[in-house]
Every structure is written in structure tokens, then in C-alpha cells.
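Taking this note's numbering, I'd label the letters of the sequence shown as residues 35 to 114.
Virtual Cβ for every residue (Gly too), placed ideally from N, Cα, C.
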Amino acid sequence: FCIAVATLLIGSAHYLDIGFSSDIALYSKRYIRFHKYRQLEPYRTGPGEQGAAVHLEDQESKLADSLFKKEAFNRIASDK
């Protein structure tokens, strides 16, 4: 696995004309972080995770509507 990752990163560095020292280390860290994210994401639980609905009470719904105009996302559902 490590050899495949190193080959992929070295090849990418060559074709993308990326500097080899610090840039390759940065891309290696990003690749590892993304790989861990893809492995763990299906196991995340909570309101809104995996497309689960988030139900708001009446007051929360009104507040969410007013904040949505300002924030451009549902801050109340996000904070639950």
C-alpha cells in the first residue's frame, strides 16, 4: 500500500510540476487524511449525518428561517 501511495504521489508531482520536497509531504498528509475520512465517514452518527432528517421545534424553525437569510445555511440544525 505504501509503495502504491508513494508511486502515485511521485507521479503526480512529476505531471503537475510540483516541487518535490515540502509539496510532496503536504500532499502525502492530505492523501492520508482523506483516506481516513473515507474509511470513517460511514460510521458517523448524529442529527443530519448520512442524510438523516433533523426535526426542529416551532421556535427553532422560526429562528432557523430568519438565520437562513443571513447565514445561507441552517445554523440551528447544524448546531444540534
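Around the beta carbon of A86, fewer than 16 other beta carbons lie within 10 angstroms, which makes this residue exposed. Shown here, F107 sits in coil according to DSSP, grouped into three states, outside any helix or strand. Just measuring C-alpha positions, the residue of V88, H89, R109 sitting nearest L97 is R109. In its chain, beyond the 5 residues on either side, V88, A111, K114 have a beta carbon closer than 8 Å to the beta carbon of P81. In the structure shown, the three-state DSSP call for E83 is helix.
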